[in-house]
Amino acid sequence: MALQTTSAFYNFAMKTKLSSLSICGLILILLPLTLSSSPPVHSSGSSSCRTDKSIPIHERIACFVAVQNKSDRNNHPVKRTVQLYSRASKLHIQIMKTELDARGRDGSGYARLVLESDNFGRIKIRGENTNRYLCLSKTGDLVTRVKKQRFSEMRRCIFKEEITSEGYNQYRSVRYPEWFIGFSKGGRPRSGSKSAKRQIYRHFTQRVLPDHRRSRKHRREAKQLTKIIIKLLRKKLQRRRA
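In structure tokens form, the structure reads like this:
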């Protein structure tokens, strides 16, 4: 649309024998009007963006950004159960029925957290035992919420998972991008603004659950046993041949 209008302006200017400076001035003045009057690409009901080259690139980029900033309801969330080890308290985050802290021992039932994917790089943190979500309130305090409806978005409970240059995980609020999840050295929850000021409060490490570690240990032991048995069998075969 914009290219057609520009060519029409150029033909009109050539017929009227205008100078090159006046032609450029007309194009620069009228081109933004044509771009702003073009039809919108992304409607609120659709979940995909058109990739036609006739659509201006700034509208295509805006459409893709808008889609990524929304919760993905078409696909089932990917879930993984982990423990979040706090760098400040040297213990794990616990989501209990009425309390929330970072004083959980390794293998504690309340320290089992389910990370549910919401969209690209966005997750929700839920306690496996209590079924409560970790959220940030309007004032920036860390609280827990129960999901009352199946398709409720729970915008204050969505976080962007980021990895720092030191290798730690930090969780930035999607609703309030300047706030983070954070805990003090004593394991008490800190407000989002205080966590943004001190890096140690918002640094975490994902740790494997103890039962997964045990299964890995059993696999290693089984592999070692099989190697020992194979060596013994080979020695017996060599003796028989001799």
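Numbering (our numbering), first residue to last: 11 to 252.
We treat Cβ as the ideally placed atom computed from N, Cα and C, and that holds for glycine.
Problem set entry | Segment contact, 8 Å Cβ cut-off, at least three pairs: the segment 182-197 with the segment 206-216 | yes
Exercise. Thinking C-beta only, is Arg-132 closer than 9 Å to Ser-147?
Worked result: Stepping through the sequence shown from its first residue, residue 147 is reached at position 137. Stepping through the sequence shown from its first residue, residue 132 is reached at position 122. No, the Cβ-Cβ distance between Ser-147 and Arg-132 is not below 9 Å.
Problem set entry | Other residues of its chain near Lys-195: CB distance less than 7 Å, five sequence neighbours each side excluded | Locating residue 195 in the sequence shown gives position 185, where the first residue counts as 1. Closer than 7 Å at Cβ, skipping near neighbours: Ala-98, Ser-99.
For this session: May I have the straight-line CA-CA distance separating Arg-90 from Leu-125, to the nearest angstrom?
Result: On the sequence shown, position 80 is the one that residue 90 refers to. On the sequence shown, position 115 is the one that residue 125 refers to. So the two alpha carbons sit approximately 5 Å from each other.
Exercise. Roughly how many angstroms separate the alpha carbons of Ser-183 and Gly-114, rounded to a whole number?
Worked result: Taking the first residue of the sequence shown as position 1, residue 183 is located at position 173. Taking the first residue of the sequence shown as position 1, residue 114 is located at position 104. The straight-line gap from Cα to Cα measures roughly 23 Å.
For this session: Check Ser-54 in the structure and name its three-state DSSP category.
Result: Counting from 1 along the sequence shown, the entry for residue 54 is found at position 44. Below a pLDDT of 50, predicted positions are generally treated as unreliable, and Ser-54, at 42, falls in that range; the measurement from the model is reported next regardless. Ser-54 falls in the coil class under three-state DSSP.
Exercise. When you compare each of Gln-209, Ala-232, Arg-122 to Glu-138 by their alpha carbons, which one comes out closest?
Worked result: Start at 1 with the first residue of the sequence shown, and residue 138 comes out as number 128. If we check each option's Cα against that of Glu-138, Arg-122 comes out closest.
Problem set entry | Outcome for Ala-232 when other beta-carbon atoms lying within 10 angstroms are tallied against a minimum of 16 | Walking along the sequence shown from the start, residue 232 turns up at place 222. With fewer than 16 other Cβ atoms within 10 Å, it is exposed.
Problem set entry | Length-filtered (4 minimum) alpha helix (DSSP H) runs lying within the segment 183-216 | 202-207, 209-212
For this session: Sort out for me which residues DSSP pairs Gly-150 with in a bridge.
Result: Your numbering for residue 150 matches position 140 in the sequence shown. Gly-150 pairs with nothing; no bridge assigned.
For this session: Report yes if the CB atom of Leu-219 is closer than 9 Å to the CB atom of Val-92, and no otherwise.
Result: The count along the sequence shown starts at 1 and reaches residue 219 at position 209. The count along the sequence shown starts at 1 and reaches residue 92 at position 82. Closer than 9 Å, so yes.
For this session: For Gly-177, count neighbouring C-beta atoms within 10 Å of its own C-beta (all shown protein chains included) and say buried if the count is 16 or more, exposed if not.
Result: If you number the sequence shown from 1, residue 177 lands on position 167. So Gly-177 ends up on the exposed side.
Problem set entry | DSSP state of Lys-170 mapped onto helix, strand, coil | Position 160 of the sequence shown, counted from the first residue, corresponds to residue 170. Here Lys-170 sits in strand by DSSP.
For this session: Would you tell me roughly how many angstroms separate the C-alpha atoms of Met-106 and Thr-149, rounded to the nearest one?
Result: Working through the sequence shown from its first residue, we reach residue 106 at position 96. Working through the sequence shown from its first residue, we reach residue 149 at position 139. In a straight line, the C-alpha of Met-106 is about 21 Å away from that of Thr-149.
Exercise. Between the C-alpha atoms of Cys-145 and Thr-154, what's the straight-line distance to the nearest angstrom?
Worked result: Start at 1 with the first residue of the sequence shown, and residue 145 comes out as number 135. Start at 1 with the first residue of the sequence shown, and residue 154 comes out as number 144. Roughly 6 Å between the two C-alpha positions.
Problem set entry | Helix, strand or coil at Glu-231 [DSSP, three-state] | Translated into the one-based positions of the sequence shown, residue 231 becomes position 221. Three-state DSSP puts Glu-231 in a helix.
Exercise. What is the rounded straight-line gap between the Cα of Tyr-186 and the Cα of Glu-171?
Worked result: Counted from its first residue, the sequence shown places residue 186 at position 176. Counted from its first residue, the sequence shown places residue 171 at position 161. Whole-angstrom Cα-Cα distance: 14 Å.
For this session: Return the Cβ separation of His-102 and Ser-127 in integer angstroms, given the expectation that the two are a contact with Cβ distance under 8 Å.
Result: Taking the first residue of the sequence shown as 1, we reach residue 102 at position 92. Taking the first residue of the sequence shown as 1, we reach residue 127 at position 117. So it is not a contact: roughly 21 Å between Cβ atoms.
For this session: Using a Cβ-Cβ cut-off of 9 Å, state whether Gly-202 counts as contacting chain D.
Result: The structure shown has no chain D; it contains just one protein chain.
Problem set entry | Under the three-state DSSP convention, the category Asp-116 falls into | If you number the sequence shown from 1, residue 116 lands on position 106. Note: Asp-116 maps to coil in three-state DSSP.
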